[in-house]
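Trainee: Attaching a single structure in structure tokens format; questions to follow.
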């Protein structure tokens, strides 16, 4: 059996837009590692290190993925009344499961994202065929026409092709962890999806609106 670790260029491509999303934040230290054994995905590891994005203000969106066929999205809408909806496009968001994976780990370490203020949206995935979405809608005017995502729409956003459930010894080596100091002192809206494994579907939807006929 021969094993090798993908080159930096290769695993950056597999990791979707993680490097691009994180490079905009000063002081970022992150890693996405992928191991291949005999052409199969043997292990993946995604880490956001201590000190990442500490004290950032405003809107911050981070997507980090290690593996294959992972789909991630962060979206935000600020509207002054009128008809606004969020989540309708969830019905078209899919992650195709075409492989299996061995060990998978996702970790947010130290004081990452502590002291942030505003909107913080983080997706972190390790493995294959994982689907993650964060959505926020804030309405500042008359909210009579605002509609949020339904449970039906969320349930329609699925990972295609994966088994419905099975025993797998590799499950013992799949971990997702967030440090107790991460996000400490954060203010505003914080949305986090973290997955390690195959075919996980997670979503956060936040809607802030005044009662109909009022505004703020």
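Residue numbers (the working numbering): 5 to 220.
For glycine and all other residues, C-beta sits at the position ideal for the given N, C-alpha and C.
1) From residue 47 to residue 106, what distance separates their C-alpha atoms?
2) Spell out the partners DSSP gives residue 201 in its beta bridges.
3) Exposed or buried, which one is residue 82 when buried takes at least 16 other CB atoms within 10 Å?
4) Measuring CB to CB, does residue 54 end up less than 8 Å from residue 113?
5) Would you list the one or two residues that DSSP bridges to residue 124?
6) Kindly list the residues whose CB is nearer than 6 Å to the CB of residue 111, restricted to its own chain and excluding five residues on each side of it in sequence; keep chain order.
7) Which of the three DSSP states is assigned to residue 210 in this structure?
8) Label residue 189 either buried or exposed according to how many other C-beta atoms from any shown protein chain fall within 10 Å of its C-beta, with 16 as the threshold for buried.
9) Give me the Cα-Cα distance between residue 132 and residue 144, rounded to the nearest whole angstrom.
10) Alpha carbon to alpha carbon, how far is residue 124 from residue 195?
11) Let me check understanding here. Comparing Cα to Cα, which of 66, 179 and 177 lies closest to residue 139?
12) Note down the Cα distance separating residue 210 from residue 79, rounded to an integer number of angstroms.
13) Is residue 119 closer than 8 Å to residue 58 when the C-beta atoms are compared?
14) So, helix, strand or coil for residue 215, using DSSP?
15) Give me whichever residues DSSP pairs with residue 138 in a beta bridge.
Mentor: From the atom records:
1) Taking C-alpha positions only, residue 47 is separated from residue 106 by approximately 5 Å.
2) Its beta-bridge partners are 131.
3) Within 10 angstroms of the beta-carbon of residue 82 lie fewer than 16 other beta-carbons, which makes it exposed.
4) Note that the C-beta distance between residue 54 and residue 113 is below 8 Å.
5) The beta-bridge partner set that DSSP reports for residue 124 consists of 64 and 194.
6) Take residue 111, set aside five residues on each side of it, and the residues of its chain with a beta-carbon closer than 6 Å to its own are 51 and 181, in chain order.
7) Correct three-state label for residue 210: strand.
8) Per the 10 Å Cβ criterion, exposed.
9) Separation of residue 132 and residue 144 (C-alpha to C-alpha, rounded to the nearest whole angstrom) is 39 Å.
10) Residue 124 and residue 195 have their C-alpha atoms roughly 6 Å apart.
11) Comparing Cα positions, the closest option is 66.
12) Straight-line Cα distance between these residues: approximately 11 Å.
13) Against a cut-off of 8 Å, the Cβ pair of residue 119 and residue 58 comes out as a contact.
14) Coil at residue 215, not helix or strand.
15) Bridge partners of residue 138: 78 and 208.
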